[in-house]
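Asks:
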Amino acid sequence: MIILQLIWAFFKIGLFSIGGGYAALPQIHNIIVDGMGWLTQEEFADVLTLSQMTPGPIALNAATFVGTKVAGLPGAIAATFGNVLPSIIIVLALALFYSRYRNLKGVKGVLNGLRPAVVAMITVASLAVLFLALFPQGIPQSIGAENVIAFVMVALGFFLLRVFKLDPIFVILGSGGVGILLHFIVK
Amino acid sequence: MIKIEKNAKLYLKLFTSTLTLSAFTLGGGYVIVPLMRKKFVQELKWIEEKEMLDYVALAQSSPGPIAVNTSILVGFSIAGAVGAILTVLGTVLPPLVIISLLYYLYDAFRDNAIVNAALIGMRIGVAAVLLDVVFRMVRLIVKEKNVLSILLMISAFVALQFFKVNIVLIIALAAIIGAADTIIKSLRERRQTKK
Numbered sequence: 001m002i003i004l005q006l007i008w009a010f011f012k013i014g015l016f017s018i019g020g021g022y023a024a025l026p027q028i029h030n031i032i033v034d035g036m037g038w039l040t041q042e043e044f045a046d047v048l049t050l051s052q053m054t055p056g057p058i059a060l061n062a063a064t065f066v067g068t069k070v071a072g073l074p075g076a077i078a079a080t081f082g083n084v085l086p087s088i089i090i091v092l093a094l095a096l097f098y099s100r101y102r103n104l105k106g107v108k109g110v111l112n113g114l115r116p117a118v119v120a121m122i123t124v125a126s127l128a129v130l131f132l133a134l135f136p137q138g139i140p141q142s143i144g145a146e147n148v149i150a151f152v153m154v155a156l157g158f159f160l161l162r163v164f165k166l167d168p169i170f171v172i173l174g175s176g177g178v179g180i181l182l183h184f185i186v187k
Numbered sequence: 001m002i003k004i005e006k007n008a009k010l011y012l013k014l015f016t017s018t019l020t021l022s023a024f025t026l027g028g029g030y031v032i033v034p035l036m037r038k039k040f041v042q043e044l045k046w047i048e049e050k051e052m053l054d055y056v057a058l059a060q061s062s063p064g065p066i067a068v069n070t071s072i073l074v075g076f077s078i079a080g081a082v083g084a085i086l087t088v089l090g091t092v093l094p095p096l097v098i099i100s101l102l103y104y105l106y107d108a109f110r111d112n113a114i115v116n117a118a119l120i121g122m123r124i125g126v127a128a129v130l131l132d133v134v135f136r137m138v139r140l141i142v143k144e145k146n147v148l149s150i151l152l153m154i155s156a157f158v159a160l161q162f163f164k165v166n167i168v169l170i171i172a173l174a175a176i177i178g179a180a181d182t183i184i185k186s187l188r189e190r191r192q193t194k195k
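As structure tokens, this is what we get:
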């Protein structure tokens with residue numbers, strides 16, 4: 001039955017993530033971390049990290065990761081299948097009716113309403129990731145050196161991305177390098 | 001519409017094209033879509049430029065990953081339902097294989113102190129990347145200078161962050177508000193043209 005649960009969970013993620021890419025983030029967090037408890041907050045952040053470094057949409061990467069964790073390779077296939085099923089049904093239907101309803105006003109209105117809501121959702125999910133990056137052990141009694149370093153790294157990364165349009169992959173790999181470096185310094 | 005003869009060679013080419021695009025494209029939908037356009041419109045000339053633009057718009061406004069949605073539309077337009085299935089498989093297989101392999105590596109390495117330090121560092125990097133993404137998206141909404149959009153964004157944020165309102169409920173409400181806004185506007189326009 002775990003296979004059916006995987007298909008259903010990722011079917012919902014596929015169905016409710018409109019706008020691609022990061023739009024799946026809040027659904028994955030909501031259904032997989034909070035709802036089913038299949039991933040911890042740390043693992044969720046790790047899936048994001050892996051997604052950034054490998055090809056493929058975040059939702060599909062998460063589907064394979066969660067599916068493998070919960071039920072091995074069949075689980076990965078089931079979750080991936082569930083994730084693309086809404087696309088196959090809806091997009092194929094759209095393709096069939098595309099010429100007829102191309103400029104329907106109501107459809108455009110719905111999309112105009114959805115866009116700001118999707119931005120809000122992605123912001124909320126991103127804040128959860130930011131919080132974990134700054135406070136890996138939860139809210140501490142007092143701010144430690146590691147929290148300050150994390151804060152400086154986030155600020156620096158953001159600055160490099162905004163001002164120098166640095167490729168995200170370099171920011172992520174660079175931060176990983178700093179993590180290793182700090183590990184040896186503290187030791 | 002461009003007429004293409006359906007044969008085994010076409011199916012194979014369709015599958016391998018999406019497979020290689022998906023396997024070597026980092027960064028998801030917004031990167032893979034322009035590459036698909038280059039492949040199917042410019043190189044193979046299987047799809048017209050205008051048609052491709054419509055497909056991208058459709059893919060973006062449909063649920064699910066944009067890369068998957070675009071590949072379905074491209075596959076369907078070139079070789080019907082079989083084509084759509086082939087392009088979806090081509091898009092889905094690379095992440096499926098790569099992440100399943102990485103999962104086992106990740107499991108084996110997770111308890112290693114150095115890997116852990118790297119992961120903690122990379123999480124910080126991902127947080128910075130997400131912050132940049134959020135910054136760009138919020139700015140896009142604000143730049144439209146549409147009061148309703150901005151209000152929707154802020155209230156959706158407050159509802160989610162502080163009141164833990166269900167995501168599906170917010171999506172449904174936002175869709176209804178957007179549709180209602182368009183309908184009211186077009187009614188008003190009609191009344192004004194009557195005067």
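One line per chain: the protein sequences are A and B, in this order.
Mapping of the first sequence onto the working numbering: position 39 corresponds to residue 39, and the numbering continues sequentially without gaps.
Mapping of the second sequence onto the working numbering: position 61 corresponds to residue 61, and the numbering continues sequentially without gaps.
Glycine included, every Cβ here is placed at the ideal spot set by N, Cα and C.
Please read all numbers here as calculations on a predicted model, not as lab measurements.
1. Just to confirm my understanding: we take T49(A), look at its own chain, exclude 5 residues before and 5 after, and list those with CB closer than 8 Å. What are they?
2. What residues are listed by DSSP as bridge partners for I18(A)?
3. From the beta carbon of P136(A), is the nearest beta carbon of chain B less than 8 Å away?
4. Does DSSP classify P55(A) as helix, strand or coil?
5. Does S149(B) come within less than 8 Å of chain A when only Cβ atoms are used?
6. My guess is that G83(B) and P86(A) are in contact by the Cβ rule of under 8 Å, so how many angstroms apart are they, rounded?
7. Quick check: the Cα distance between I185(A) and S175(A), rounded to an integer number of angstroms?
8. Please classify I2(A): is it buried, with 16 or more other beta-carbons within 10 angstroms of its beta-carbon, or exposed?
9. Does any heavy atom of the ligand HEM sit closer than 7 Å to the C-beta of L73(B)?
10. Please list the partners that V119(A) has in chain B, where partner means a Cβ-to-Cβ separation under 7 Å.
11. Buried or exposed for V133(B), going by 16 or more other Cβ atoms inside 10 Å?
12. Do I120(B) and P136(A) come within 8 Å of each other at the CB atom, strictly closer than that value?
13. Show which residues of chain B have a CB atom less than 7 Å away from the CB atom of F158(A).
14. For I58(A), tell me which candidate among N146(B), E51(B), Q42(B) and V126(B) has the shortest Cα-Cα distance.
15. When you compare only the Cα positions, how much space is there between P94(B) and P34(B)?
16. Is the distance from the Cβ of V47(A) to the Cβ of N61(A) below 8 Å?
17. Report yes or no: is there a C-beta of chain A within less than 8 Å of the C-beta of T182(B)?
18. With I7(A) and F81(A) assumed to form a contact (beta carbons below 8 Å), what rounded beta-carbon distance in angstroms separates them?
19. Using beta-carbon positions only, say whether I91(B) and T20(B) come within less than 8 Å of one another.
20. How close, in whole Å, do the beta carbons of A133(A) and V148(A) come, if the pair is a contact with beta carbons under 8 Å?
21. At least one CB of chain B closer than 8 Å to the CB of N147(A): is that the case?
Replies: Taking the geometry as given:
1. For T49(A), where only same-chain residues beyond five positions count, the Cβ hits under 8 Å are I172.
2. Bridge partners of I18(A): P63(B).
3. Chain B contact via Cβ: present.
4. In the structure shown, P55(A) falls within a strand segment according to DSSP collapsed to helix, strand and coil.
5. Yes, S149(B) counts as interfacial toward chain A.
6. That belief does not hold up - the Cβ atoms of G83(B) and P86(A) are roughly 19 Å apart, past 8 Å.
7. So the two alpha carbons sit approximately 15 Å from each other.
8. Per the 10 Å Cβ criterion, exposed.
9. Within the structure as shown, the ligand HEM is missing, as the structure has no ligands at all.
10. Within 7 Å Cβ-Cβ: M137, V138, I141 and M153.
11. It counts as buried.
12. Yes, they are a contact pair.
13. Result: A128, L131 and D132.
14. Answer by Cα proximity: V126(B).
15. Near 19 Å, if we compare the C-alpha coordinates of P34(B) and P94(B).
16. Yes. Within cutoff.
17. Put simply, the CB of T182(B) is near chain A, with a gap under 8 Å to one of its CB atoms.
18. Rounded, the Cβ-Cβ distance is 6 Å, consistent with contact.
19. Sequence inspection shows Thr at residue 91(B); the Ile mentioned does not correspond to that position. No, the pair does not count as a contact, with Cβ atoms beyond the cut-off.
20. Contact doesn't hold; Cβ gap of about 13 Å is too wide.
21. For N147(A), the answer is no, since every Cβ of chain B falls outside 8 Å of its Cβ.
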